[in-house]
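>
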Amino acid sequence: MKRALLLIVTIILSAVFLIACSSAEENKDDKKESDQKKSAESVEGAEEEDSEQTVKKFPPVPKSFKESAEYDMTGEFAGKEFSQEAKNKLNELPDINKDSSEEEIEAMEQEIFALFKENLSLPNVPIDQWEAMKFTDPNAGGVDLQVKQNYNVAILLDSSGSMGALENGRTRMDLAKEAIQQFVESLPQKANVSLSVYGHVGTGQEKDKEKSCRKVEEVYPLSAYDPAAFTNSLNQFKPAGWTPMAKAVEQVMKDLKEKDGEMNTNIIYLVSDGIETCGGDPVKAMESLGASNLKPVVNIIGYQVDNHGLSQLKEMAKAANGQFVNVQNQQDLKFEFNRTAEMAKVWSEWHEDADAAINSLFNNVQSQLNEWHKTEQEKMNREHKNLQSAVNYLNDQEKIDTDVFLRYDDHYREYFLTVDQEARDLFLELDSLNRDSFLDNWDEITDRFLENVNK
21 MKRALLLIVT IILSAVFLIA CSSAEENKDD KKESDQKKSA ESVEGAEEED SEQTVKKFPP
81 VPKSFKESAE YDMTGEFAGK EFSQEAKNKL NELPDINKDS SEEEIEAMEQ EIFALFKENL
141 SLPNVPIDQW EAMKFTDPNA GGVDLQVKQN YNVAILLDSS GSMGALENGR TRMDLAKEAI
201 QQFVESLPQK ANVSLSVYGH VGTGQEKDKE KSCRKVEEVY PLSAYDPAAF TNSLNQFKPA
261 GWTPMAKAVE QVMKDLKEKD GEMNTNIIYL VSDGIETCGG DPVKAMESLG ASNLKPVVNI
321 IGYQVDNHGL SQLKEMAKAA NGQFVNVQNQ QDLKFEFNRT AEMAKVWSEW HEDADAAINS
381 LFNNVQSQLN EWHKTEQEKM NREHKNLQSA VNYLNDQEKI DTDVFLRYDD HYREYFLTVD
441 QEARDLFLEL DSLNRDSFLD NWDEITDRFL ENVNK
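Residue numbers for the sequence shown follow our numbering, so the first one is 21 and each next one is one higher.
#1: Is DSSP giving F382 helix, strand or coil here?
#2: Report buried or exposed for K267, applying the criterion of at least 16 other Cβ atoms within 10 angstroms of its Cβ.
#3: To the nearest angstrom, how far is the alpha carbon of M93 from that of F425?
#4: Given that a residue counts as buried once 16 or more other Cβ atoms are within 10 Å of its Cβ, and exposed if not, what is D463?
#5: Entirely within the segment 211-241 and at least 3 residues each: give me those beta strand (DSSP E) ranges in chain order.
#6: Using alpha carbons as the reference points, say which of R359, D423, A248 lies closest to I125.
#7: Are there 16 or more other CB atoms within 10 angstroms of the CB of D456, so buried, or fewer, so exposed?
#8: What separation, rounded to the nearest whole angstrom, lies between the Cα atoms of I295 and M265?
#9: Between which two residues does the alpha helix (DSSP H) carrying I132 extend?
#10: Between the Cα of G184 and the Cα atoms of E396, V385, Y323, K86, which residue gives the shortest distance?
#11: Would you call P259 buried or exposed, if buried means 16 or more other Cβ atoms sit within 10 Å of its Cβ?
#12: Output the residue ranges of the alpha helix (DSSP H) runs that lie fully inside the segment 380-443 and measure 4 residues or longer, sorted by chain position.
#13: Alpha carbons only, please: which of K83, A89, G99, K77 is nearest the one belonging to E403?
#14: Alpha carbon to alpha carbon, what distance is there between L453 and T223?
#15: Sort Y245, V221, V385 by Cα distance to V213 and report the nearest one.
#16: Note down the Cα distance separating V439 from Y432, rounded to an integer number of angstroms.
#17: Provide the residue span of the alpha helix (DSSP H) that contains A266, from first to last.
#18: Find the nearest neighbour of V204 within the set A127, D228, L242, judged by alpha-carbon distance.
#19: Under 9 Å, Cβ to Cβ, is there at least one residue of chain D near S409?
#20: If I measure Cβ to Cβ from K109 and keep anything under 8 Å in the same chain, skipping five residues before and after, which residues do I get?
#21: Quick check on the DSSP output: the beta strand (DSSP E) that includes S292 runs from which residue to which?
#22: With a threshold of 6 Å on Cβ separation, who are the neighbours of L353 within its own chain once the five nearest residues in sequence on each side are excluded?
#23: Take the Cβ of N319 as the centre, count every other Cβ of all protein chains shown within 10 Å, and call the residue buried at 16 or more, exposed below.
#24: Does the segment 329-339 come into contact with the segment 304-318, if we say contact requires no fewer than three beta-carbon pairs (one atom in each stretch) closer than 8 Å?
#25: Whose C-alpha, out of Q388, N383, N401, is nearest the C-alpha of F458?
#26: Thinking C-alpha only, which one of E362, N349, D228, K279 is nearest W262?
#27: Does DSSP classify V325 as helix, strand or coil?
#28: Can you check which of these residues, Q397, D421, F357, I420, is closest to L207 by C-alpha distance?
#29: Tell me the rounded alpha-carbon separation between K334 and S141.
#30: At what residues does the beta strand (DSSP E) containing I175 begin and finish?
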C-alpha cells in the first residue's frame, strides 16, 4: 500500500515537473520570438530613419526665370567652374538607379541642382522713372519740367556682431562704411542723405539682447552731405550685437514721415548680412513702409548673406515692392550704390535741360539693362555647364544609371532653355519700353516747344 502510494506521488510530481518545464520552454520561446520581432522592428525603423536622412529636402527645380531668381538658396559652387572639389561633393551622394524610389530620384535631382544654383536676379533698372517725367505748360523761352522738390536717400546699416567678419583682411563693416562714404560723396549737392544704424549696442550674448534690440539710431539726420560730419557719424559705431531690422524699418518711417512722396523722391537702402534676430517681423514692417505716403523706392542689399537670410531679405523687398540684390564683396556693394548715384544725377539735371534729362535717363536705363542681361547670361551659362558636367561625372562613376542620367540631363536642359529664353524676352521687353518711353517724351518736349515758339 505504501509502495503504491509512493508510486502515485512520484508520477504526479513528474507530471508537474514536465508541465513546468514545458511552460518555461514555451515562455522562453515566446520571449525569444518577441525579442526577435522587436529587433526586426528596430532594424526596420532604423532603416526608415536612415532612408529619411538620406532623402534630403531641397527646393524643386524652378520652372521659370522668375522662380529661379526667387529660389531660396545660392549653390555651394555658384560662381565657380566645375572642379575636383565639386567631384568630391558628388562622390558623397547616394547611388541612384532605376530601382530607387521616385522620391529618392527626385530628391537627388534637386540636391544636384541646389549645389550649382547661381544667384540669378530680376532686372533692377530705373525703368519706372519715366512715369515721373510729367510736364507742365512751357514757360516763355523754354520747357519747364514739373519734378518733385526733394531727393532724399536714407541708409539703414546693419552693425550687428556678424558684420565683424573678415573679407580680404578687413571687416565687412569697414568695407561697407567705405562704400557708403564714396556713395554719398557722389550724390548731387541738392540731394539729402541720412544714415541710421542698428545692432551697434551691446554684444551678441543673451544678456545684452534686450539692450541691443531696442536701439536704432539715426547717427546722421536727413540733410545735405557734410563730409566731416558724415565721416564722424560713420566712426561712431562698430559691429556689436543683435539685429533689430524690423525696428530699423519702423524707425525710418517715423524719421521721414514729413517727406510725403508727392513732393519727395525717397530712396531707402537697407544693408544687412543676416536675418532679424530680435523677434520682430521685418517683412510686415516693409509692407507698411511700401504702403506709406512716403512712396519709397526700396533697395535691400544682402552682404554675403547665407541662404536663410537670403529668403527673408527677398521677402522684405517683395513686401515693399522693392528690389533685392545679394552682393558677395565690396566691389559689388559699390556698384549697387553707384546705380542710385547715377539716377540722382538725372534728377539734378531735370530743371536745367529737358533734353539732357531724358537722354541721361535713357542711357542710364540702357546701360544697366545691358549689364544685367550680360551678367545673368554668364550665370545661366555657367550654371548649365556645371550641371551637365555633374550628371556626366555621376554617370561615368556609375553613381547614376543611364535612365536616371537621361532624366536629369533632359530636365536641366529644359530648365536652362526656359530661363534663358525668358531672360532674353524680359530684356527685349524692357529695352523696347525704354526706347518707346524716350521717343514719347522726346516728342512731347518737341511738340510743346514748337507750340510755345509759334505763339
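Every residue, glycine too, gets a C-beta built ideally from N, C-alpha and C.
As the structure is a prediction and not an experimental result, all values here were calculated from the model.
Taking the definition as stated:
#1: F382 falls in the helix class under three-state DSSP.
#2: buried
#3: 24 Å
#4: exposed
#5: 212-218
#6: D423
#7: Counting Cβ neighbours within 10 Å, D456 comes out exposed, since fewer than 16 surround it.
#8: 8 Å
#9: 122-136
#10: Looking at the Cα atoms, Y323 is the closest of the given residues.
#11: buried
#12: Counting only runs of 4 or more, we get nothing.
#13: G99
#14: About 49 Å.
#15: Y245
#16: 11 Å
#17: 265-275
#18: L242
#19: The question asks about chain D, but that chain is absent: this structure has only one protein chain.
#20: E96, F97, L135
#21: 284-292
#22: Excluding positions up to five away in sequence, the list reads A199, V347.
#23: buried
#24: yes
#25: N383
#26: D228
#27: V325 falls in the coil class under three-state DSSP.
#28: Checking every option, the nearest Cα to that of L207 belongs to F357.
#29: 11 Å
#30: 170-178
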